[in-house]
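As given, the protein sequences belong to chains C and E, one line each in that order. In terms of the numbering used here, the first sequence is residues -15 to 310. In terms of the numbering used here, the second sequence is residues 10 to 281. Accompanying notes for the structure given below.
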Amino acid sequence: MEVLNSGDGELFHMPDPDGHREYIRQNKARALVEKVMTEQEAVSRLVNDGDYLCYDCTILMRGPSSLLREIIRQKKKNLGVGGRFTFMVVNLLLGGDCIDRVDIGYIGIGRALDRIIAKGIRIAEWSNSALTMRLLAGAQGIPFIPARFLGGTDAFRYSGAKLAKDPWTEKEVVLLPALNPDIGLIHVNQCDVYGNARIFGPSVSPVEIATASKKVIISTEEIIDTEYIRRDPGKTSIPYYLVDAVVEAPFGSHPGEVAGLYRSDTNAIMEMLRATGDVTGTAMDQYLQKHVYGVATHNEYLEQCIGLERLLSLKQQANIKQGYYI
Amino acid sequence: MTKASRFTQAEATICCTAKMIEKERESSYWVGGGGTPMTSALLAQKLYVPNLTVVLEDGVIAPQPDIPLDPLMMFVSAKVNYRAAAWTSMNTVCSHASLGFFDYGILESLQIDPYGNINSSLLGGDYYHPERRFGGAGGANEISSLCWRTIIHTDQEKRKFVKKVDFVSSPGYLDGSPGAREKAGLPNGSGPYRVITPEAIFGYDEETRYMKLLAIAEWVEVEDVLEKMDFEPMIASKLERLELPTEEELDILRVYISPRGGAIDAGNWIEL
Chain C
-15 MEVLNSGDGE LFHMPDPDGH REYIRQNKAR ALVEKVMTEQ EAVSRLVNDG DYLCYDCTIL
45 MRGPSSLLRE IIRQKKKNLG VGGRFTFMVV NLLLGGDCID RVDIGYIGIG RALDRIIAKG
105 IRIAEWSNSA LTMRLLAGAQ GIPFIPARFL GGTDAFRYSG AKLAKDPWTE KEVVLLPALN
165 PDIGLIHVNQ CDVYGNARIF GPSVSPVEIA TASKKVIIST EEIIDTEYIR RDPGKTSIPY
225 YLVDAVVEAP FGSHPGEVAG LYRSDTNAIM EMLRATGDVT GTAMDQYLQK HVYGVATHNE
285 YLEQCIGLER LLSLKQQANI KQGYYI
Chain E
10 MTKASRFTQA EATICCTAKM IEKERESSYW VGGGGTPMTS ALLAQKLYVP NLTVVLEDGV
70 IAPQPDIPLD PLMMFVSAKV NYRAAAWTSM NTVCSHASLG FFDYGILESL QIDPYGNINS
130 SLLGGDYYHP ERRFGGAGGA NEISSLCWRT IIHTDQEKRK FVKKVDFVSS PGYLDGSPGA
190 REKAGLPNGS GPYRVITPEA IFGYDEETRY MKLLAIAEWV EVEDVLEKMD FEPMIASKLE
250 RLELPTEEEL DILRVYISPR GGAIDAGNWI EL
């Protein structure tokens, strides 16, 4: 196949289908094993310095906020981030000095984004769907996937994509290299002790991430009996052998929303936004001190930073249940 | 329908777009992000086309949002996703776009050039050392590449209509040469369609693909619009006047869609 053009951007993950297969063979339990553990254990055991991270969904909705806070709390370093459809997480991780490279699909808002440049974080430019298609390729165990977008732009130019001549139509087509993250973090509505997970509602790319990632941590609003999974297998979004750890995390997406369970916390989001707006980084340091370093666990965060009254109020205001739990 | 005489610039853009959607009521719309694109779709849906086929990046197909939406949550929330025809994923929506199911993409941008290329990534400097860094191409790249036609919302300002954008995040007609998009791997026959500001509507010349002024608001003359551009657009031989927002449209916006303000507040007040 004739390659006509290549993006100049740094490729933070080199496609390696056989390498990934070997990893899966050596490291992933195929049997039905219980894998419930605390945040602290899951992150400590599975997230290594230098890992490339993807997560689903977003800080505003059904995201793995408690796991991300734990990553910052444990001061993980030199992580890479697949920044697709991301609003504040890159800013948070940057504030925690956790990252050294970002694939930019959309990495949010706020003056603090300029700190990515100031801190010398390595970047490459993509688009939201370019990253989710790369994850799809990674999830299929193939080295790349063609696409009919991204081409012709500076986003292409600063990405690791290529432009090739399709051998059948002989037309130009963009090739997107596969992405197999080292770590995938996904927050879900229900999960059993083995990792069979259910996601209610639309989402960005949870199945692609769970499938493509070498290590997968699920945080779940509730743990359900496997009996319910087996009675209704059509509801399973992620099957057990893709998953390495299950963490029980009620209100795990706070300050984001989980549809059908609790509303997003506007005040808390504004507080986070203010922290991401300060280009000096001081506001973010204070934010992290209060919400991450100053509390030892997710429960402590909920108790000390948010409080029962507000949590109950957020729960009460989630009046749309149709399509989620009923 | 009563013509309004007092509205914000954002309301002007939103109402204009809603009217466009009403005229193309059987088309499909891929709306990128919140702000004026989403608000335009909500207005069109509430007032003109209740069963509007609108899709969102995160897999939501034809929602009937529970308005008013919460502040900051103009997408990715239960209220926006409400009563959709289907809840899918980003790759699903992208695949439908790739297959040609989406007629119009509606987007905002920081900068736009004469061939409709847009920037949402950075300003000044170069890629590795920009003066200001922004979110990135986001979904705008696939929306601009794969929808049959793209509609851009922006402000009528010189710093937005530039000869050359600081970074091409999402494709217009690229360098304007014939077949440039196709040579870059984009689908045949897709491309930029309109640029809507509070004061003007632009299209693109059929032969040269260069931006062309098509219509101006009642409260401006051509010179006022040209003054606020860093390049000179072509001008349609028959320049039209934009329809004014109607009182009905503004009521829906102010009472049902955005009672707390937000997207509709942006810009100056226009008083006629």
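Glycine is no exception: its CB is placed at the ideal position from the N, C-alpha and C atoms.
Pop quiz: residue i and residue j are said to be a contact at Cβ under 8 Å. What is the actual Cβ separation, rounded to whole angstroms?
i: C/Gly244; j: C/Ala302; result: 6 Å
i: E/Met99; j: E/Asp79; result: Not confirmed; about 22 Å, so no contact.
i: C/Ile201; j: C/Val172; result: The pair is not a contact, with the Cβ atoms about 11 Å apart (cut-off 8 Å).
i: E/His138; j: C/Ile101; result: 7 Å
i: E/Tyr38; j: E/Gly125; result: The pair is not a contact, with the Cβ atoms about 18 Å apart (cut-off 8 Å).
i: E/Thr255; j: E/Ala13; result: 6 Å
i: C/Glu(-14); j: C/Glu23; result: The pair is not a contact, with the Cβ atoms about 49 Å apart (cut-off 8 Å).
i: C/Asp35; j: C/Leu63; result: 6 Å
i: E/Ser178; j: C/Thr137; result: 6 Å
i: C/Arg57; j: C/Tyr277; result: 6 Å
i: E/Arg158; j: E/Tyr202; result: 4 Å
i: E/Ile30; j: E/Tyr57; result: 7 Å
Closer than 9 Å by beta-carbon distance: list the chain C residues that pair up with residue i, in chain order.
i: E/Ala13; result: Ordered by position in chain C, no residue passes the 9 Å Cβ test against E/Ala13, which lies about 30 Å from the chain.
i: E/Ala189; result: Gly136
Would a C-beta distance cut-off of 7 Å place residue i and residue j closer than the cut-off?
i: E/Phe170; j: E/Leu131; result: no
i: C/Thr312; j: C/Ile93; result: In the structure as shown, chain C begins at -15 and stops at 310. Residue 312 of chain C is therefore absent and cannot be evaluated.
i: C/Ser50; j: C/Gly236; result: yes
i: E/Leu262; j: E/Leu52; result: yes
i: C/Val177; j: C/Glu18; result: yes
i: C/Lys60; j: C/Asp33; result: yes
i: E/Ser153; j: E/Phe143; result: no
i: C/Val230; j: C/Val20; result: yes
i: E/Ser36; j: E/Asp112; result: yes
i: C/Gly66; j: C/Ile88; result: no
i: E/Pro196; j: C/Arg132; result: yes
i: C/Thr314; j: C/Ala96; result: Nothing can be reported for residue 314 of chain C, as the shown portion of chain C is limited to -15 through 310.
i: E/Phe207; j: E/Leu222; result: Checking the sequence shown, residue 207 of chain E turns out to be Pro, not Phe. Taking 7 Å as the Cβ cut-off, E/Pro207 and E/Leu222 do not qualify as a contacting pair.
i: C/Gln288; j: C/Val279; result: yes
i: C/Gly240; j: C/Leu44; result: yes
i: C/Ala162; j: C/Pro(-1); result: yes
i: C/Gly135; j: E/Gly194; result: yes
DSSP puts residue i in a beta bridge; with which residues?
i: E/Gly200; result: E/Arg158
i: E/Ile284; result: There is no way to answer for residue 284 of chain E, as the model of chain E reaches only from 10 to 281.
i: E/Tyr38; result: E/Val63, E/Tyr113
i: E/Lys12; result: E/Thr255
i: E/Arg250; result: E/Ile225
i: C/Asp40; result: C/Ile170
i: C/Cys175; result: C/Ala181, C/Ile207
i: C/Trp110; result: BP columns for C/Trp110 are empty, so no partner.
i: C/Val(-13); result: C/Ala148
i: E/Met238; result: E/Met238 is not bridged to any residue.
i: C/Leu159; result: C/Pro130, C/Lys146
List the residues of chain E whose Cβ lies closer than 8 Å to the Cβ of residue i, in chain order.
i: C/Ile304; result: Asp75, Ala87, Lys88, Tyr91
Chain C partners of residue i, CB-CB under 8 Å?
i: E/Ser36; result: By Cβ distance, chain C contributes nothing, its closest Cβ being about 20 Å from E/Ser36, past 8 Å.
i: E/Ser107; result: Ala131, Arg132, Phe133
i: E/Asp79; result: Arg247, Ser248, Thr250
i: E/Val204; result: By Cβ distance, chain C contributes nothing, its closest Cβ being about 18 Å from E/Val204, past 8 Å.
i: E/Ser130; result: Ile88, Glu109, Asp138, Ala139
Name the chain C residues that come within less than 7 Å of residue i, Cβ to Cβ?
i: E/Gly147; result: Gly89, Tyr90, Ser111, Asn112
i: E/Thr97; result: Pro186
i: E/Pro139; result: Ile101
i: E/Gly144; result: Tyr90, Ile91, Gly92, Ile93
i: E/Ser267; result: By Cβ distance, chain C contributes nothing, its closest Cβ being about 15 Å from E/Ser267, past 7 Å.
i: E/Pro180; result: Gly136, Thr137
Mind pulling the chain E residues with CB within less than 7 Å of residue i?
i: C/Thr42; result: Val85
i: C/Val158; result: Gly194
i: C/Ser189; result: Ser98, Met99, Asn100
i: C/Gly45; result: Note on residue identity: the sequence assigns Met, not Gly, to residue 45 of chain C. Correct list: Val85, Ser86.
i: C/Ile253; result: Leu81
Show which residues of chain E have a CB atom less than 9 Å away from the CB atom of residue i.
i: C/Ser50; result: The contacting residues do not exist; C/Ser50 stays about 18 Å from chain E at best.
i: C/Ile126; result: Neighbours of C/Ile126 on chain E: none; closest Cβ ~14 Å, over 9 Å.
i: C/Thr116; result: Ser98, Met99, Asn100, Cys103
i: C/Leu97; result: Arg141, Arg142, Phe143, Gly144
Return yes when the C-beta of residue i is under 6 Å from any heavy atom of the ligand ZN, and no when it is not.
i: C/Asn(-11); result: With respect to the ligand ZN, the structure offers nothing, as it holds no ligand at all.
- Check whether the region 113 to 121 of chain E touches the region 73 to 84 of chain C, counting contact only when three or more Cβ pairs, one atom from each stretch, lie closer than 8 Å. no
- Query: If we count Cβ pairs, one from each stretch, closer than 8 Å, do we get three or more for the region 154 to 170 of chain C versus the region 32 to 48 of chain C?
  - Reply: yes
- Task: Kindly confirm or deny that the region 146 to 155 of chain C and the region 185 to 199 of chain C touch, where touching means at least three C-beta pairs closer than 8 Å.
- Result: no
- Below 8 Å, can you find three or more Cβ-Cβ pairs linking the region 89 to 109 of chain E to the region 114 to 125 of chain C? yes
- Message: Using 8 Å as the cut-off, can you tell me whether the region 263 to 277 of chain E makes contact with the region 14 to 21 of chain E, which would need three or more C-beta pairs spanning the two stretches below that distance?
- Response: yes
- Message: Can you confirm whether the region 79 to 97 of chain E touches the region 104 to 111 of chain C when touching is taken to mean that 3 or more C-beta pairs between the two stretches lie within less than 8 Å?
- Response: no
- Query: Are the region 152 to 171 of chain E and the region 222 to 239 of chain E in contact at 8 Å, needing three or more beta carbon pairs?
  - Reply: yes
- Query: Are at least three pairs of beta-carbons, each pair with one atom in the region -7 to 9 of chain C and one in the region 264 to 278 of chain C, less than 8 Å apart?
  - Reply: no
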